[in-house]
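Okay, so the sequence shown: first residue is 6 according to my numbering, each after it adds one.
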Amino acid sequence: MEASSVSSNLYEQLNFRGEKQKVISSNIANINTPNYKTKDLVFDDVLNNKLDNTLKMKQTNSRHIASIDNNSSIGNPKLIQVAGLEEQNDGNNVNLDTQMSEMSKNKVLFDAIQSSIKRDSRLFRSVIESSAKN
């Protein structure tokens, strides 16, 4: 059971941030690998596309305002090769400073999402506890 309809989206974002961490770690691990190209995990464009497509009204009666279609399956993130980066003499284009910055940003977002899930769960629990007292 989910604490709210937002929970599934938060869990998907949390999973995405975990996978993105793996990609960033892989980039850092391959910093000295000849001809290795920096990779990135893209999800935001997929999310924005999905939200544009799912927030359409559906009417069951001409006098009703329909509910929003909630499809929680947003889609899989895509692993892409980052283009336009400066290459070293061996063909590798991984920049350690950029990857460390991305890792820090990803950690902050991961922690924020995790905090939101905890807050959402506490709210859900308090509602259940309050209804049990009545």
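Ideal Cβ positions, reconstructed from N, Cα and C, are used throughout, including at glycine.
Only a predicted model underlies this, so the values are computations on that prediction, with no experimental measurement involved.
To which residues does DSSP link residue i through a beta bridge?
i	result
R84	Residue 84 is actually Leu in this sequence, not Arg. L84 is bridged to L46.
With DSSP run on the structure shown, which of helix, strand or coil describes residue i?
i	result
D102	helix
I122	helix
S72	Its pLDDT being 48, under 50, S72 is placed unreliably in this model, and the coordinates cannot settle the point.
E24	helix
S67	coil
N111	helix
E134	helix
Q18	helix
D116	helix
Find the nearest neighbour of residue i within the set the options, judged by alpha-carbon distance.
i	options	result
S108	A137, Y16, Q26 and Y41	According to the sequence provided, residue 108 is Met. The question's Ser does not apply to it. M108 has its Cα closest to that of Q26, out of A137, Y16, Q26 and Y41.
S13	Q119, K138, S131 and I133	Q119
N100	Y16, I133, N35 and S121	N35
R22	V11, A117 and N66	A117
G89	K110, K44, V113 and S136	K44
E17	N66, N81, S30 and S67	N81
S30	N66, S135 and K112	K112
Round the Cβ separation of residue i and residue j to the nearest angstrom and send it over; I've been treating them as touching at under 8 Å.
i	j	result
K83	V28	That belief does not hold up - the Cβ atoms of K83 and V28 are roughly 11 Å apart, past 8 Å.
Q167	N32	Past the boundaries of the shown model lies residue 167; the chain is included only from 6 to 139, so the question cannot be answered.
L19	I133	The pair is not a contact, with the Cβ atoms about 23 Å apart (cut-off 8 Å).
L15	D102	Going by Cβ atoms, the distance from L15 to D102 rounds to 30 Å, so no, they are not a contact pair.
Comparing the C-beta of residue i with each C-beta of chain D, is any distance below 7 Å?
i	result
I118	Looking at the structure shown, chain D is missing, and only one protein chain is on hand.
Could you say if the segment 86-100 and the segment 36-50 meet the contact criterion of at least three C-beta pairs nearer than 8 Å?
-> yes
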